[in-house]
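Novice: Numbering (our numbering) for the sequence shown: 2 to 215. Yeah, the Cβ is synthetic: ideal placement off N, Cα and C, and Gly gets one too. All values reported here derive from a predicted model rather than from experimental measurement.
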Amino acid sequence: MLAFVALCTYAASVAAVPAWQTFSSRSSIGSLVRDANALEAVGLPFNKRFFLTMDGAPGEPSNSTITEATLEQQPPLYFLSNDKLYQFTNESYILPVSVLNSTESEEDPMPYKLVIGSEREAVQGITWQWRGPNLHADYPATNRSNLGIFYTCKNKHGRYGTYLHLDDGSQLNVKYPRRTPTPHGCYLVKLLDYKSVSDEEEEKKQQAVLASWW
Numbered sequence: 002m003l004a005f006v007a008l009c010t011y012a013a014s015v016a017a018v019p020a021w022q023t024f025s026s027r028s029s030i031g032s033l034v035r036d037a038n039a040l041e042a043v044g045l046p047f048n049k050r051f052f053l054t055m056d057g058a059p060g061e062p063s064n065s066t067i068t069e070a071t072l073e074q075q076p077p078l079y080f081l082s083n084d085k086l087y088q089f090t091n092e093s094y095i096l097p098v099s100v101l102n103s104t105e106s107e108e109d110p111m112p113y114k115l116v117i118g119s120e121r122e123a124v125q126g127i128t129w130q131w132r133g134p135n136l137h138a139d140y141p142a143t144n145r146s147n148l149g150i151f152y153t154c155k156n157k158h159g160r161y162g163t164y165l166h167l168d169d170g171s172q173l174n175v176k177y178p179r180r181t182p183t184p185h186g187c188y189l190v191k192l193l194d195y196k197s198v199s200d201e202e203e204e205k206k207q208q209a210v211l212a213s214w215w
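The structure is reproduced here in structure tokens:
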């Protein structure tokens with residue numbers, strides 16, 4: 002019995018720790034981490050800074066959320082590798098950022114939800130790209146994209162999450178794309194590499210673009 006409990010405990014601990022062997026070597030992790038950065042959420046109608054974070058403990062699977070920056074807690078870091086997005090805590094805790102289909106969910110207000118670490122349940126074939134400073138989620142198999150637009154919304158339990166639509170990918174190069182209307186109670190944001198957002202002019206530019214879409 003004790004052996005069985007020990008085996009279950011070991012299995013649970015292994016499942017909770019993403020394998021760094023996903024990457025070719027620890028040295029390759031180091032090179033990726035040098036490019037890791039916080040993702041700032043630009044576009045909220047508040048004169049404060051917000052970042053993409055999570056509602057769970059660092060290094061554990063959780064829902065992604067957008068929270069206000071504080072002096073007490075640094076925002077998590079993210080990096081792209083082979084068209085996939087990862088959240089970096091340390092070399093033992095590297096979690097994939099995935100898109101879940103929440104169409105049939107009774108508590109979520111939008112059809113797709115951003116989560117940390119739930120790769121098995123994710124929509125397969127989603128790729129992540131930088132277009133300028135903006136993070137995009139694309140679905141090449143269906144020629145659809147979120148057009149670089151994310152949403153922060155409350156679910157039916159009053160908890161904030163990060164959501165997206167997958168719209169017609171042909172709208173990518175259109176200045177004012179035809180996109181799904183913003184649901185009531187949701188805020189539209191872009192996720193930008195914090196290094197680019199540190200450029201005040203770039204931040205003002207992105208804020209102005211979003212303001213024209215409200």
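Is it true that the region 117-130 meets the region 57-68, where meeting means three or more beta-carbon pairs spaced less than 8 Å apart?
Specialist: Yes, the region 117-130 touches the region 57-68.
Novice: Going by C-alpha to C-alpha distance, which of THR54, GLY44, PHE47, VAL43 sits closest to TYR161?
Specialist: Taking the first residue of the sequence shown as 1, we reach residue 161 at position 160. When each option's Cα is compared against that of TYR161, the closest is THR54.
Novice: For ILE95, write down the residues that DSSP places opposite it in a beta bridge.
Specialist: The count along the sequence shown starts at 1 and reaches residue 95 at position 94. ILE95 pairs with PHE89.
Novice: Where does TRP70 fall in DSSP's three states?
Specialist: Here the question's residue 70 lines up with position 69 in the sequence shown. Reading off the sequence shown, one finds Ala at residue 70, where the question assumed Trp. Correct three-state label for ALA70: coil.
Novice: Curious, which full-length beta strand (DSSP E) runs of at least 3 residues does the region 104-130 contain?
Specialist: Listed in chain order, they are 113-117.
Novice: What residue range does the beta strand (DSSP E) around VAL39 cover?
Specialist: By 1-based counting over the sequence shown, the position of residue 39 is 38. Residue identity check: residue 39 is Ala in the sequence provided, not Val. First-last for ALA39: undefined, no H or E at that position.
Novice: Could you name the residues of the same chain whose beta carbon sits closer than 7 Å to that of ALA37, not counting the 5 residues immediately before and after it, in chain order?
Specialist: What you label residue 37 is simply residue 36 of the sequence shown in a count that begins at 1. Here the set comprises LEU78, TYR79, PHE80, PHE89.
Novice: On the premise that LEU45 lies in contact with LEU192, defined as a C-beta separation below 8 Å, what is that separation, rounded to the nearest angstrom?
Specialist: For the purposes of this step, residue 192 is taken as the residue at position 191 of the sequence shown. For the purposes of this step, residue 45 is taken as the residue at position 44 of the sequence shown. Incorrect: roughly 12 Å between the Cβ atoms, too far for contact.
Novice: Could you check how far apart the C-beta atoms of LEU101 and VAL124 are, in whole angstroms? I think they sit under 8 Å.
Specialist: Translated into positions along the sequence shown, residue 101 becomes position 100. Translated into positions along the sequence shown, residue 124 becomes position 123. Right, their Cβ atoms sit about 7 Å apart.
Novice: When DSSP labels each residue in this structure, what does THR143 get in the three-state scheme?
Specialist: The residue labelled residue 143 in the question sits at position 142 within the sequence shown. Helix.
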